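The structure appears below as structure tokens.
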Amino acid sequence: NYGALSSISSQESINNSCDCGGTVAWAVGKTTITRCSNHAKVSSYSMIQYGSTAAGIVATITADKNDNALVSNCYNNGEISARGATGSNAGGISGTYYFSTIRDCYNSGNINSVSNAGGIVSFSQGATIETCYNVGDITATYVGGIVGENITSTFNNCIYKDSVSNSCGKSTLALKKCTSEEMQQKAIYTDWDFENTWDFLEGNAYVYPTFKTNEYFLINDNLDFQSGKGTEQEPYLIASTIKSNPLKIRI
């Protein structure tokens, strides 16, 4: 009930029934998860009453007001899918999240669910979610750029890309919606900690903010591309899997 996880990176696809998370399936109580990432496809399928739950970091966290859990400095760029019965949840960071905090996290993976889906969390109750952003595309019955369904949670300084129409799938939240171009500008991220936590890495193929400790798709002179300029019109052409090794994502 009082576990801590740090610096875990998931690379292999995960497929399970009920709860399925890139790092953790289910956590209870005062759990701390920090500096973890998922780069793989996470899929969950269940036909039980409340469906399945899938997420890039932790599928479900259940806590109470006295034992808040914390997920921080985590990100997902894998595809997240929750299928099966009505009530399924898919989230970039967490599927279902109760009375806990998500801080300084982001999602760039695509998310789909038969029911609820959110860029950061699918279903949130009594939680605090702050300084998080989503640039992934989302497909579900109830779609939220940040949260699929919200009950009495608090959101601070969260931003989502305008490819998703609403910040919350089942209610209205006054969260910042921006274009892709706007989300590449530091000025958009008001009151975010760019001194210690966040950064735009120079020469980086990932154009949105990431963590200062993260070597996400770092482009450098040691990479040997067969051709291309790294642009949308002329992408890099990699001759072999060996030559792609310097591009592996890691934290």
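Counting from 1 along the sequence shown, just add 907 to a position and that's the residue number in this note's numbering.
Even for Gly, the Cβ is constructed at its ideal location relative to N, Cα and C.
Bear in mind the structure is a predicted one, so any value in this text is a computation, not a measurement.
Simplified DSSP assignment, three categories, for residue i
i        : result
Ala-1094 : helix
Glu-1056 : strand
Ser-913  : strand
Glu-1088 : coil
Asp-1011 : strand
Ile-921  : strand
Lys-1077 : coil
Leu-977  : strand
Asn-983  : strand
Ala-970  : coil
Ile-940  : strand
Lys-948  : coil
Gly-958  : coil
Val-1071 : coil
Neighbour-count burial assignment, residue i, 16 or more Cβ in a 10 Å radius
i        : result
Asn-1103 : exposed
Asn-1127 : In this prediction, Asn-1127 has a pLDDT of 41, which is less than 50 and means its spatial position is unreliable; what the coordinates show is noted afterwards. By the 10 Å Cβ count, Asn-1127 comes out exposed.
Asp-1100 : exposed
Asn-984  : buried
Gly-910  : exposed
Span of the beta strand (DSSP E), counted from its first residue to its last, around residue i
i        : result
Tyr-1115 : Tyr-1115 -> no beta strand (DSSP E), and no H or E assigned at all.
Arg-990  : 987 to 991
Asp-926  : 926 to 928
Ser-1020 : 1018 to 1020
Beta-bridge partners of residue i, as assigned by DSSP
i        : result
Ile-1036 : Ile-1009 and Phe-1062
Ser-953  : Gly-991
Asn-1023 : Asn-996 and Tyr-1049
Trp-1105 : Phe-1118
Val-931  : Val-965
Val-1028 : Ser-1001 and Val-1054
Within 8 Å, do at least three Cβ pairs link the region 1045 to 1062 to the region 1087 to 1101? No: fewer than three Cβ pairs fall under 8 Å.
Contact between the region 1000 to 1011 and the region 955 to 971 (3+ Cβ pairs under 8 Å): Because the criterion of three Cβ pairs below 8 Å is met, the region 1000 to 1011 and the region 955 to 971 touch.
Is it a yes or a no for the region 1065 to 1073 touching the region 1047 to 1056, going by three-plus beta-carbon pairs under 8 Å? The region 1065 to 1073, when compared against the region 1047 to 1056, does touch it at the 8 Å Cβ threshold.
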